[in-house]
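Numbering (the working numbering), first residue to last: 3 to 98.
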């Protein structure tokens with residue numbers, strides 16, 4: 003499968019685009035936590051020193067961006083793997 007057809011490529015790209023919008027227009031509330039409850043739990047567990055999220059200005063810091071990027075990359079790998087399994091099963095069924 004080519005790189006442009008993989009979720010492991012496009013989900014991190016969407017993460018970067020999201021943060022570019024956040025840096026340029028500075029939204030009041032970060033909507034990512036509403037869509038990804040696992041990310042919210044990870045942030046609140048790891049954010050004891052305030053290194054991932056700035057509560058005062060409602061901004062995700064650079065280390066938080068890296069956590070978000072890696073998590074969505076892992077989501078993409080899992081989705082790609084599941085799609086690959088489905089296509090393999092379909093090919094086996096056709097051959098029989």
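The C-beta atom is built at its ideal place from N, Cα and C for all residues, glycine as well.
Look at residue 56 here: in three-state DSSP terms it is strand.
Distance check between residue 39 and each of 10, 74 and 89 places 74 closest, using alpha-carbon atoms only. Per DSSP, the beta bridge partners of residue 61 are 56. If you draw a 10 Å sphere on the C-beta of residue 70, you find 16 or more other C-beta atoms in it, and that means buried. When the five nearest sequence neighbours on each side are left out, the beta carbons in the same chain lying within less than 8 Å of the beta carbon of residue 8 are those of 78 and 82, in order along the chain.
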